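Participant: Pasting a structure below so you can have a look.
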Amino acid sequence: MMRWWLVVGAVNAFLSVGAGAFGAHALRARLPQDLQVVFETGARYHMYHALALVAVGLLGVTRPSPLLSAAGWAMLAGIVLFSGSLYALALSGVRVLGAVTPLGGLGFLAGWVLFAVAAWRTAP
Numbered sequence: 078m079m080r081w082w083l084v085v086g087a088v089n090a091f092l093s094v095g096a097g098a099f100g101a102h103a104l105r106a107r108l109p110q111d112l113q114v115v116f117e118t119g120a121r122y123h124m125y126h127a128l129a130l131v132a133v134g135l136l137g138v139t140r141p142s143p144l145l146s147a148a149g150w151a152m153l154a155g156i157v158l159f160s161g162s163l164y165a166l167a168l169s170g171v172r173v174l175g176a177v178t179p180l181g182g183l184g185f186l187a188g189w190v191l192f193a194v195a196a197w198r199t200a201p
């Protein structure tokens with residue numbers, strides 16, 4: 078299962094770089110400045126949590142834990158809900174999509190708490 082998180086983290090890092098490049102180049106002339114900032118925030122948090130998924134996988138290789146998998150799922154849900162809603166909001170201009178963003182933030186927070194507890198419990 079931990080190999081899964083390494084792969085999912087790497088794939089999400091790839092997607093985040095692609096999203097960031099798309100936002101910086103293809104969307105620069107098409108989106109108003111405030112929506113460019115929204116899109117960039119989604120890409121930034123996407124990358125942070127892609128790297129966190131890699132950390133989940135790396136820690137899990139040496140100290141597997143169900144808490145680490147739970148942390149990974151929470152962070153992945155956070156990426157989909159937080160970054161996904163910001164991407165969708167920026168591209169569509171539908172502001173109500175911003176109501177989903179805090180749910181993704183809660184996923185990120187839960188993931189970090191689970192990661193910390195797993196790291197604490199599995200430390201030598």
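In this note's numbering, the protein residues as written are 78 to 201. C-beta: ideal position from N, C-alpha, C; glycine also. Please read all numbers here as calculations on a predicted model, not as lab measurements.
#1: According to the Cβ coordinates, are leucine 186 and valine 131 closer than 9 Å?
#2: Specify the secondary structure class of valine 177 as computed by DSSP and reduced to three states.
#3: Give me the Cα-Cα distance between histidine 102 and histidine 126, rounded to the nearest whole angstrom.
#4: Taking the C-alpha atoms as reference points, what is the distance between arginine 198 and leucine 136?
#5: Pick from Val177, Leu183, Ala147 and Ala154: whose alpha carbon is nearest that of valine 194?
#6: What is the C-beta distance between serine 93 and alanine 120, in whole angstroms, given that I count them as a contact (C-beta under 8 Å)?
Facilitator: Taking the geometry as given:
#1: One-based indexing of the sequence shown puts residue 186 at position 109. One-based indexing of the sequence shown puts residue 131 at position 54. For leucine 186 and valine 131, no; Cβs fall outside 9 Å.
#2: Along the sequence shown, read from residue 1 onward, the residue named residue 177 stands at position 100. Three-state DSSP puts valine 177 in coil, outside helix and strand.
#3: For the purposes of this step, residue 102 is taken as residue 25 along the sequence shown, with counting starting at 1. For the purposes of this step, residue 126 is taken as residue 49 along the sequence shown, with counting starting at 1. Going by the C-alpha atoms only, they are around 23 Å apart.
#4: Here the question's residue 198 lines up with position 121 in the sequence shown. Here the question's residue 136 lines up with position 59 in the sequence shown. Computed Cα separation, rounded: 12 Å.
#5: If you number the sequence shown from 1, residue 194 lands on position 117. Of the candidates Val177, Leu183, Ala147 and Ala154, the one whose C-alpha sits nearest the C-alpha of valine 194 is Ala147.
#6: Residue mapping note: residue 93 aligns to position 16 of the sequence shown, counting from 1. Residue mapping note: residue 120 aligns to position 43 of the sequence shown, counting from 1. The C-beta distance from serine 93 to alanine 120 rounds to 6 Å, short enough to fall under 8 Å.
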